[in-house]
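Heads up: the sequence shown begins at 2 in our numbering, then just goes up one per residue.
Just so you know, even glycine gets a beta-carbon here, dropped at the ideal spot from N, CA and C.
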Amino acid sequence: MPELPEVETTKRGLEPHIVRRRVLSVNIHQKQLRWEIPSHLPTTIKGESIKKISRRAKFILIKFNSGTLVMHLGMSGSISVVPSAEALKKHHHFELVLDNATSMRFHDPRRFGSILWQKNNEQLSLFKNLGPEPLSSEFNENALYLSSRARKKNIKAFIMDSSVVAGVGNIYASESLFQAEISPKRLAGKISKKRYQLLTQCIKQILSEAINNGGTTLNDFSNIDGEPGYFSQVLSVYGRNGMPCQRCDGTIKRIIQNQRASYYCPRCVPVTTVPDARNR
Ligand SMILES: [Zn+2]
């Protein structure tokens, strides 16, 4: 599943190819994605120029004069810019035909992705309860610590809650907790401020490294040039069930929490009952 680094990589890859280009036409080849693609888009966007591309959580926002195209890659989505003359592939569901003989195409075999429209001065409900961006200064140990107090959920579910911080997915939650030496089983409300400081740093650092490396290789995600990202080989715990820990003699364990796989080392990241007994 594309996580925040893949989405950011996609946004950066698209930027030089689409910004300031005019849309000659909009083609909806399959309207049934996670939600139905708004049928007015071909009329609304036709003739407009792309002002800007940005990202919020795992959404890509393409700004036009009359509003914003909001795209989500879902489980298996990818976006590419190709010559308009190139044949469509089976899972190309949506395309913007641009004024330089290229087209921006959305490809999504599993169709959990979405393409929505946000009018100017309106906010889609999807964005209403989103917490801060993990790489912004609003995401810091004070904010995280304060919102964690009295929380009964485990720390993994807590940092994957998009109202707490937007866009820390399953892979990077496991990786960040491992780096910060926090068991995914610990309760969010029992973790010290000092440990939250470390966790905040780890989340920012790991996401930044992943973005610089072009995202992970997972399923059929590929970056804008059609080349797969290559961050996966430097993941420390995710997907390494039964393999040796990189920090100690322990073995990485896989457990299921909130219907998602978590990976951790029970030896060097034990579940302490005393809050932060290990003062490292
Ligand atoms: Zn270990």
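- Residue burial annotation: C249 is exposed, with fewer than 16 other C-beta atoms found within 10 angstroms of its C-beta.
- In this structure, the CA atom of H92 is about 11 Å from the CA atom of L34.
- For Q202, the enclosing alpha helix (DSSP H) has its first and last residue at K194 to N213.
- Contact between the region 174–184 and the region 145–152 is absent: fewer than 3 CB-CB pairs across the two stretches fall below 8 Å.
- By a beta-carbon distance limit of 8 Å, H108 contacts S81. Their separation comes to about 7 Å.
- Between S175 and the set R112, G240 and G48, the nearest pair of CA atoms involves G240.
- With distances taken between CA atoms, E134 lies nearest to G170 out of H30, Q260, G170 and Q247.
- Unbroken alpha helix (DSSP H) stretches of 4 residues or longer found wholly inside the region 4–92: 5–19 and 42–46, given in chain order.
- Placement of the Cβ of R248 at a distance of less than 7 Å from at least one heavy atom of ligand 1 is found.
- Where A189 is concerned, there is no enclosing beta strand (DSSP E), because DSSP gives it neither an H nor an E.
- Leaving aside the five residues that flank V83 on each side, the residues in its chain whose CB is nearer than 8 Å to its CB run, in chain order, T103, S104 and R106.
- For T201, the CB contacts under 8 Å within the same chain, skipping 5 residues up- and downstream, are F140, N141, E142 and L145 in chain order.
- Annotation: the continuous alpha helix (DSSP H) that includes S149 extends over E142 to S149.
- Nearest to Q31 by C-alpha distance, out of H18, A58, K47 and K90, is K90.
- Residues of the same chain with a CB within less than 7 Å of the CB of K186, apart from the 5 flanking positions on each side, are N155 and V272 in chain order.
- No residue range can be given for Q124, since it is assigned to no alpha helix (DSSP H) and is classified by DSSP as neither H nor E.
- For the 8 Å CB-CB criterion, K129 and I61 do not form a contact.
- Per the DSSP secondary-structure output, E96 pairs in a beta bridge with N28 and R106.
- Annotation: A167 is outside any beta strand (DSSP E) and is labelled neither H nor E by DSSP.
- Using a cutoff of 7 Å, the CB of G251 counts as near ligand 1, since one of the ligand's heavy atoms is closer than that.
- For C203, the shortest separation between its Cβ and any heavy atom of ligand 1 does not lie below 7 Å.
- DSSP places S138 outside both helix and strand once states are collapsed to three, so it counts as coil.
- Measuring C-alpha to C-alpha distances from C269 to each of I116, S184 and V165 identifies S184 as the nearest.
- Here the C-alpha atom of E49 lies approximately 12 Å from the C-alpha atom of I19.
- In the DSSP assignment, I257 falls within the unbroken beta strand (DSSP E) covering K254 to Q258.
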